Amino acid sequence: MRATGFMLFGGKRMSLDEVSRQAVIETERFDLRPLRRSDEGRITLYASDERVARMTSSIPHPFPPGAAEAFITRSLDPERAEEVWAIDGTRVGESELMGVISLKLMDRAQCEIGYWVAPAYWNTGLASEAVQALLAANPMRCQTIFASVFQDNAASARVLTNAGFSYIGDAETYCVARDTTVPTWTYSRRLG
Numbered sequence: 001m002r003a004t005g006f007m008l009f010g011g012k013r014m015s016l017d018e019v020s021r022q023a024v025i026e027t028e029r030f031d032l033r034p035l036r037r038s039d040e041g042r043i044t045l046y047a048s049d050e051r052v053a054r055m056t057s058s059i060p061h062p063f064p065p066g067a068a069e070a071f072i073t074r075s076l077d078p079e080r081a082e083e084v085w086a087i088d089g090t091r092v093g094e095s096e097l098m099g100v101i102s103l104k105l106m107d108r109a110q111c112e113i114g115y116w117v118a119p120a121y122w123n124t125g126l127a128s129e130a131v132q133a134l135l136a137a138n139p140m141r142c143q144t145i146f147a148s149v150f151q152d153n154a155a156s157a158r159v160l161t162n163a164g165f166s167y168i169g170d171a172e173t174y175c176v177a178r179d180t181t182v183p184t185w186t187y188s189r190r191l192g
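Just so it is clear: in the sequence shown, position 149 is 149 by full-length UniProt numbering, and no numbers are missing.
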């Protein structure tokens, strides 16, 4: 969807016609909304937590200065291949950033889902609700969605199986925070 008007991105004035607008997905508990520059502090805070970084493949630990700003800039790039949403609980009196969820476009109408949740919201069902909301909205019109989790992250595996994902095999992925290859479980789910 496109809009008219002007916005500032990194000090650069851009027509909204030049920027691909990302869907906002509303639930009773939170909104999934595009990242914004004001999320930088909370992303830095949560991504700097070693417990969060160790359960992702791409977040380094220690978290370097400028990494959150670069992540937000990539998520706002009109040429991006990945849509990133903040899990925003502001509307119901929670934090404006409780975690992040994304869909990365692959080929043949396939996507890969990824997510992390701030430790304060672990074991609250937030990740499960975010995954289910994104699947229900299916904003990228994916036919198949893939996911992988580290084998020492059973909670994330439960999030996927509770959302209807099926286990399809073992693999390995390099984890930047751990500086090593880590065994993973891979899952998929057909939509539609």
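Don't be surprised by glycine CBs; every beta carbon is placed ideally from N, CA and C. What you are looking at is a predicted structure, and each value in this text was computed from that prediction instead of being measured.
By the Cβ-count criterion, residue 62 is exposed, with fewer than 16 other Cβ atoms from all chains shown falling within 10 Å of its own Cβ. Look at the UniProt domain "N-acetyltransferase" (43–192) and you find these whole runs of alpha helix (DSSP H), each 4 residues long or longer: 50–53, 67–76, 126–137 and 154–162.
Excluding its 5 nearest sequence neighbours in each direction, residue 175 has C-beta neighbours in its own chain below 6 Å: 57 and 182, listed in chain order. Residue 100 has its alpha-carbon roughly 20 Å from the corresponding atom of residue 79. Only buried fits residue 68, as 16 or more other CB atoms lie within 10 angstroms of its CB. With a threshold of 16 other beta carbon atoms within 10 Å, residue 177 meets it and is buried. Just so you know, the alpha carbons of residue 133 and residue 139 end up roughly 10 Å apart. Here the alpha carbon of residue 146 sits roughly 13 Å from the alpha carbon of residue 159.
Apart from sequence neighbours up to five positions away, the residues of its chain that approach residue 185 with a beta-carbon distance below 7 Å are 148, 149, 151, 157, 167 and 170, ordered along the chain. Your pair residue 25 and residue 137 checks out as a contact, with CB atoms roughly 5 Å apart and the cut at 8 Å. The way I'd put it, the segment 107–125 does touch the segment 39–58; three or more beta-carbon pairs between them come closer than 8 Å. Membership of residue 39 in any beta strand (DSSP E) is not indicated, and neither H nor E is assigned to it by DSSP. Checking the DSSP bridge columns, you'll see residue 26 partnered with 31. Sequence-distant partners of residue 39 (beyond 5 residues in either direction) whose C-beta falls short of 8 Å from its own C-beta, in its chain, are 68, 72, 86, 96 and 97. Within the model, the alpha-carbon separation for residue 125 versus residue 41 is close to 24 Å.
With contacts defined as CB atoms closer than 7 Å, residue 188 and residue 161 fail to qualify as a contacting pair.
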